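Undergrad: Counting in our numbering, the final residue of the sequence shown is number 320, and the numbers go up one at a time with none missing.
Here a beta-carbon is modelled for each residue, glycine too, at the ideal position from N, C-alpha and C.
None of the values given here were measured: they were computed from a predicted structure.
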Amino acid sequence: MGMHLEKLDLNLLVAIDALHRTQSVTETAKELNLTQSAVSSALKRARAHFDDEILYYDGQKMCPSPFGLTIAGIVPDMVTSLRALSRMRAVAELSSIKRQFTVLASDYVSAVYLSVLSKELSAIAPGISLAVVPFSEEASDWFARGKIDFLIGPAFALQDSFQRTPLFEDGFKCVLCKDSLAARNGLNLERFLEAPHIVTNFFVGNGKSHVENWFAEQGFDISIAATLPSFVVLPHYIAGTPNIATIHNRLLQQIGPRDDLVVVDPPFVVPPLTEFLIWQDHQQYDTEAVQMRDAMLAVGQRLRNTKPSYHS
């Protein structure tokens, strides 16, 4: 058989994988940062190797041949494994790693956890950098295909096929304008439900956060004053309004007190949020990623041992 893998250029598999998903040479070229002629050339070479059309145009989109449909079920996992293989190195100390790790996370996690991790890495592993990717359907797909190293998210972001472990927990407070009726007279359940709310929506899945999902489970029918794709800016929509935002304790600690706002306990017990560190099974062969994961878990453990406090 020899050592030439039947003369198959493995980069052709990356192009076939993208073409199957996008059904377009133009979109594949954009995704792979190639010219359209380079993508067309890759498809031509793949056709020659497999002696099959693989994909063909039917109107405005590409459709797989029967053989193309067969390999479409094989190629994505192969590409994910090849990406993992290309990142593998002999065992090395964390301090000697020179690599950028990508992390899919919310701005809340970026503020309360990744900022702490980045500070620690600057001291113990200065060759490591972080690239934080915000949540989106496209980014979730990148993670599933192995293009993003880690995902940090709550339980409802998990899939059975992913590896995961708890990273840290957090609770919640309600933030009100100090001059609001609820702040002056006390926040009870009735006033909470009557007030307009500032909530988040990241437009992934149902878009709701841990708190909004719990509200829905309780049957709380709240009015929405604004829906934002960010946790960090929630307090900026409270001053001078009757609005309420239910915000993570650790995030409030990061933001600090403001003269025009008050922070109070919710008029009910919100289940604590657990953020998980999530990764793909193929990462077990990536020694650098395993060491990075251990460092991330150590920072999470220290965060769990530190109870957040906030004084308005």
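Provide the residue span of the alpha helix (DSSP H) that contains Val47, from first to last.
TA: Along the sequence shown, one-based indexing puts residue 47 at 39. That run of the alpha helix (DSSP H) goes Gln44 to Phe58.
Undergrad: Within its chain, find whatever has a CB closer than 6 Å to the CB of His28; leave out the 5 residues flanking it on each side and keep chain order.
TA: Within the sequence shown, the letter at position 20 stands for residue 28. Only Ala80 meet the Cβ criterion.
Undergrad: Can you have a look at Phe164 and say buried or exposed, based on whether 16 or more other CB atoms are within 10 angstroms of its CB?
TA: Translated into positions along the sequence shown, residue 164 becomes position 156. Result: exposed.
Undergrad: What first and last residue would you give for the alpha helix (DSSP H) that runs through Asp302?
TA: For this step, residue 302 is matched to residue 294 along the sequence shown. Looking at the DSSP string, the run of the alpha helix (DSSP H) that includes Asp302 is Thr295 to Arg312.
Undergrad: By Cβ distance, which residues of its chain are closer than 8 Å to Arg301, with the 5 residues on each side in sequence left out?
TA: On the sequence shown, residue 301 is found 293 positions in, with the first residue counted as 1. Answer for Arg301: Phe158, Leu285, Trp287 and Gln291, listed in chain order.
Undergrad: Count the CB pairs spanning the region 248-259 and the region 192-211 that are closer than 8 Å, and state whether there are at least three.
TA: yes
Undergrad: For Ala377, which of helix, strand or coil comes out of DSSP?
TA: Lying outside 9 to 320, the shown extent of the chain, residue 377 is not represented and no answer is given.
Undergrad: Could you spell out the range, first to last residue, of the alpha helix (DSSP H) harbouring Asp149?
TA: Position 141 of the sequence shown, counted from the start, is the residue given in the question as residue 149. Asp149: member of the alpha helix (DSSP H) spanning Glu145 to Ala152, first to last residue.
Undergrad: Helix, strand or coil, according to DSSP, for Leu16 in the structure here?
TA: Residue 16 sits at position 8 when you count from the first residue of the sequence shown. Looking at Leu16 - three-state DSSP - the assignment turns out to be coil, as it is neither helix nor strand.
Undergrad: Between Ala303 and the rest of its own chain, which residues show a CB-CB distance below 8 Å, the 5 nearest in sequence each way excluded?
TA: Working through the sequence shown from its first residue, we reach residue 303 at position 295. Excluding sequence neighbours, Ala303 sits near Leu102, Leu125, Glu128, Leu129, Ile132 and Ala133.
Undergrad: With a CB to CB cut of under 6 Å and the five nearest residues on each side skipped, what residues in its chain are close to Gly161?
TA: Start at 1 with the first residue of the sequence shown, and residue 161 comes out as number 153. If the five residues before and after Gly161 are omitted, its C-beta is found closer than 6 Å to no C-beta atom of its own chain.
Undergrad: Would you report the Cα separation of Met70 and Ser49, rounded to the nearest angstrom?
TA: As a first step, residue 70 is located in the sequence shown; it is residue number 62 there, counting from the start. As a first step, residue 49 is located in the sequence shown; it is residue number 41 there, counting from the start. Cα to Cα, the separation comes out at about 16 Å.
Undergrad: Determine the DSSP secondary structure at Ile74, reduced to helix, strand or coil.
TA: Counted from its first residue, the sequence shown places residue 74 at position 66. Checking the sequence shown, residue 74 turns out to be Pro, not Ile. In the structure shown, Pro74 sits in a helix (DSSP, three-state: H, G or I).
Undergrad: Between Gly76 and Asp60, which are expected to be in contact by the criterion C-beta below 8 Å, what is the C-beta distance as a whole number of angstroms?
TA: As a first step, residue 76 must be located in the sequence shown, where it is residue number 68. As a first step, residue 60 must be located in the sequence shown, where it is residue number 52. Their Cβ separation, rounded to whole angstroms, is 7 Å, which keeps Gly76 and Asp60 in contact under 8 Å.
Undergrad: Buried or exposed: where does Gln108 fall if 16 or more other Cβ atoms within 10 Å of its Cβ makes it buried?
TA: The count along the sequence shown starts at 1 and reaches residue 108 at position 100. Its Cβ having fewer than 16 others within 10 Å, Gln108 is exposed.
Undergrad: Within its chain, find whatever has a CB closer than 6 Å to the CB of Ala147; leave out the 5 residues flanking it on each side and keep chain order.
TA: As a position in the sequence shown, residue 147 is number 139, starting the count at 1. Leu112 and Val141.
Undergrad: In three-state DSSP terms, what is Asp178?
TA: Here residue 178 refers to the residue found at position 170 of the sequence shown. Correct three-state label for Asp178: strand.
Undergrad: Buried or exposed: where does Lys15 fall if 16 or more other Cβ atoms within 10 Å of its Cβ makes it buried?
TA: Walking along the sequence shown from the start, residue 15 turns up at place 7. Per the 10 Å Cβ criterion, exposed.
Undergrad: State the start and end residues of the unbroken alpha helix (DSSP H) segment that holds His205.
TA: Stepping through the sequence shown from its first residue, residue 205 is reached at position 197. Element bounds for His205: not the alpha helix (DSSP H) but the beta strand (DSSP E), Pro204 to Thr208.
Undergrad: Taking the C-alpha atoms as reference points, what is the distance between Val298 and His218?
TA: Walking along the sequence shown from the start, residue 298 turns up at place 290. Walking along the sequence shown from the start, residue 218 turns up at place 210. Looking at the two C-alpha atoms, the distance is approximately 28 Å.
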